[in-house]
Every structure is written in C-alpha cells, then in structure tokens.
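Residue numbering for the sequence shown follows this note's numbering, beginning at 596 and increasing consecutively.
C-beta atoms are modelled at their ideal positions from N, C-alpha and C, and glycine is treated no differently.
Being a predicted model, the structure only gives us computed values, none of them experimental.
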Amino acid sequence: MSQFPKSPDFSLIAGGPLYQLLLRSKLLRPPVGFLERRILVLTLFAWLPLLVLAAMDGKLLPGKGFVPFLYDIEGQVRLLVVLPLLFAAELPVHRRLRHVIRHFIERRIVPLEEQPKFNAIIEQALRCRNSIFLEGAILILAFTVGQWLWRSQIAFGGATWYAAPDGGGGLSLTLPGYWYAFVSIPLFQFVGYRWYMRLVIWAVTLWRISCLKLNLIPTHADRAAGLGFVGNSTYSFTPLLLAHGALLSGWIGERVLQGSSALDFQVEAFVLVCCVVAVIIAPLCVFAAPLLVARRQGRGEYGLLSARYTQAFHEKWIQGKRPVDEPMLGSGDMQSLADLATGYEIVQETRLVPFGLKLPIQLAIITALPLLPLTFTIVSFRSLIMQAVEIIL
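Here is the structure:
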C-alpha cells in the first residue's frame, strides 16, 4: 500500500502576532498551553482596573442619576463571561480542526495526485493566520470602527459609571470610562474580530479543499460520502457559540434592568441565534457540489450493479437455473441481495452537506443556553418549582 506524504500541521490558533506576544510574555506554552493563566491575566487586565477606578471615582455602587459599575450587567457579562469564553474556545478548536485536516489524508479522501495542492492550501491558510497585516488591520478596526460604534451607543444612552453629563447636553468619559473605552473595549473587540478572521480562513480553506478531486464514497455509513467528520468538527466551536449567547443575554438583561421585558427581544434573539449558527455551518456547505457529483455517480454505478445482480439472482433462484445440488437454505445470495439493497439505499440518502438537520438544531440550543436566566425575569423561580411539583404529582 502506497504511503501518503505527511500533510502540514494545521492550526487556526497557534500563530499570529498576538500568539507570539503571549508566548514571550509567558502567558502561553506551545501550542496552546497555560489557558487558565491566559484567561485569568487578560480578564483581570480588562476588568480589575475598572473596579478600582470606579471605586475611586464613586461609580462603584448605586448613586444619584447614574448606573453604577456593579449594576452594569452588559459590561460585566462582556468582560467576565464572554471574554474568557473567547479565549477558552481556542483549545477545542485547535485540537479538533487539526484532526479534521489530517483525516482528509488519513482517510484517503484527498488522493495522492492532489496532495501537493492540498499542502499548498494548508500552507496558505497558515500564512493568513500568521499575517501581521491582517491582525494589524483588526487592531485598527477595533480602535476606529469599533470605537465609533461604541461611542454612538454612549451618545444615545444615559449617565453611567463610564460616561457622565458634560454640561453641554452630551456625555463625557469618566475616570474608569477612559480605561473602558481605550483598553477594555478595544481588547474585547480585537479578540472577537480575530475570531471572525479565523472563521473566514477556515471557510476559505474548506472551499479550496472542496475544489480538489476528492475521493468520496457514496456508500459511506455517515450518509455524507465520508465527510461526516467535517460536520462533527463544528462542535468544537461550542465556547464561541456560548460567548455570543452570553453577549446577547447580557444585552437583553441590561434592558430588562431598565424596565423592559425579556419578551420584547424575541425577534432579536431569534435572528442572532440563527446568524451565529449560520456562520458556523455555512463553511461546510462548500462540499455540496462534490457531494452532488458523488451521489449522482453512486446512483449510476450502484444502480448498474444492482441491476446485474438482481437479474442474475432472478435467473438463478426464480427461473430455476441454480445447480440442483445447491440448497436455498444457507445460501449467501440472499444476504448479498439484502446488503446490496442497503448499500443502494445509503447512496440514495447521501446528503448534499456533511451534516444532518440535528446539527444546526443542537448548535442553536447551545447558543441559546445563556438566555435561560432571563426566564426568571418573566416567571419567578418559585413559580417554576411549584408548576414542576404540580406536574410531577
């Protein structure tokens, strides 16, 4: 059996200017070690100065005419829940996606003659991941467009711990507001935008792989011609999905605290959950064309095989052309006929995407999990317990 050349070691995570900076600062051990240390230090770097400065500025606890630091649900969730989840997502994504790339070679989906092109695709993805230009552009984006979006949010809000009336009808940053505006928010946005860059790199990589002459077997038991492992890889993005759900939950929770009802944001919640799930599974849809070709070829090939076998089976067992000394009982022909029918049924059921309906539903549930605490703003915990007891009894 011929041996395939080893493919480049792939990782969406282990590279880039920020990665190198964390490596030099001892917050990272190759490839993605010291995760707990990294989460703790960077989260405290973004949040702890706000706590100290808010206390110094008298904005920590409730006062007259402003939202205090400890009551800012959206801000607390953003820095203490979402930011750690964005860092935590790096470990499962690093571990899972590198195996996905290896499976293309180990499972012989990429044939030997396409191996050089496959290696070039992976190397191009790694160059994009390591690009100083791309991460620099993201940093500029966080300090320009991100700042503009955040400041426009302040302009339409009221007095809070990070912004106070300036006497001219507008709002100006407070002492903790400067750290929030120029350190915490840009850091949060940079980490988030960096994840979107990685998702784009992943999508382009899968698209380029789908353009190769892949060795897809339509009778594969995963009903995806052997590509089912690609669909299963999306579960590695679970922390990223939870981060978006938590961000939405914090945004709604802040408005509930201001007097709105959580039910007023059902449309926004539905749209965001759908969009997040679509972003994760959309890259998998690039395999629709090769899967369609594999299914068509499988129907033709296995249809011809089935026709020949069933014709021979009919002549032998129905028209009586079998040898007189061959008994019907115990013959393997019957089992072979059943196996052939099963194989053709699998070909017919081959999906045009490497996942089933269950996957997006599960991802949507994962994304929506952080919204569950909001139910207690609609129905009290005591009422839920009483209803549960009534149902059980």
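Extent of the continuous beta strand (DSSP E) to which residue i belongs
{"i": "residue 758", "result": "758 to 760"}
{"i": "residue 805", "result": "Residue 805 -> not in any beta strand (DSSP E); alpha helix (DSSP H) instead, spanning 780 to 805."}
{"i": "residue 766", "result": "766 to 768"}
Residue i classed as buried or exposed, judged by whether at least 16 other C-beta atoms fall within 10 angstroms
{"i": "residue 647", "result": "exposed"}
{"i": "residue 751", "result": "A caution first: residue 751 carries a pLDDT of 46, below 50, which makes its placement in the model unreliable, though a value can still be read off. Classification of residue 751: exposed, given that the 10 Å Cβ count is below 16."}
{"i": "residue 945", "result": "buried"}
{"i": "residue 784", "result": "buried"}
{"i": "residue 902", "result": "exposed"}
{"i": "residue 897", "result": "buried"}
{"i": "residue 971", "result": "exposed"}
{"i": "residue 779", "result": "buried"}
{"i": "residue 643", "result": "exposed"}
{"i": "residue 753", "result": "exposed"}
{"i": "residue 633", "result": "buried"}
{"i": "residue 730", "result": "buried"}
{"i": "residue 605", "result": "buried"}
Nearest neighbour of residue i, chosen from the options [CA to CA]
{"i": "residue 787", "options": "674, 635 and 725", "result": "674"}
{"i": "residue 1073", "options": "681, 852, 973 and 821", "result": "Nothing about residue 1073 can be read from this structure; the chain reaches only from 596 to 988."}
{"i": "residue 890", "options": "738, 818, 713 and 660", "result": "818"}
{"i": "residue 876", "options": "676, 839 and 798", "result": "798"}
{"i": "residue 678", "options": "970, 637, 703 and 773", "result": "637"}
{"i": "residue 776", "options": "789, 745, 805 and 815", "result": "745"}
{"i": "residue 702", "options": "938, 811 and 851", "result": "811"}
{"i": "residue 792", "options": "830, 774, 728 and 739", "result": "728"}
{"i": "residue 807", "options": "609, 710 and 680", "result": "710"}
{"i": "residue 940", "options": "816, 963 and 656", "result": "816"}
{"i": "residue 973", "options": "731, 961, 856 and 684", "result": "856"}
{"i": "residue 850", "options": "686, 708, 694 and 969", "result": "969"}
{"i": "residue 949", "options": "824, 844, 809 and 848", "result": "824"}
Span of the alpha helix (DSSP H) around residue i
{"i": "residue 844", "result": "833 to 852"}
{"i": "residue 956", "result": "953 to 963"}
{"i": "residue 717", "result": "710 to 724"}
{"i": "residue 614", "result": "612 to 619"}
{"i": "residue 635", "result": "630 to 651"}
Proximity below 8 Å, CB of residue i to CB of residue j
{"i": "residue 770", "j": "residue 651", "result": "yes"}
{"i": "residue 688", "j": "residue 841", "result": "no"}
{"i": "residue 738", "j": "residue 804", "result": "no"}
{"i": "residue 756", "j": "residue 663", "result": "yes"}
{"i": "residue 844", "j": "residue 966", "result": "yes"}
Handout entry: Three-pair Cβ contact test at 8 Å for the stretch 826 to 840 versus the stretch 857 to 873
Key = yes
Handout entry: Touch test, the stretch 703 to 722 against the stretch 613 to 622, Cβ-Cβ under 8 Å, three pairs minimum
Key = no
Exercise for the section: Answer yes if the stretch 616 to 633 comes into contact with the stretch 652 to 670, meaning at least three C-beta pairs across the two stretches below 8 Å, and no otherwise. Expected result: no
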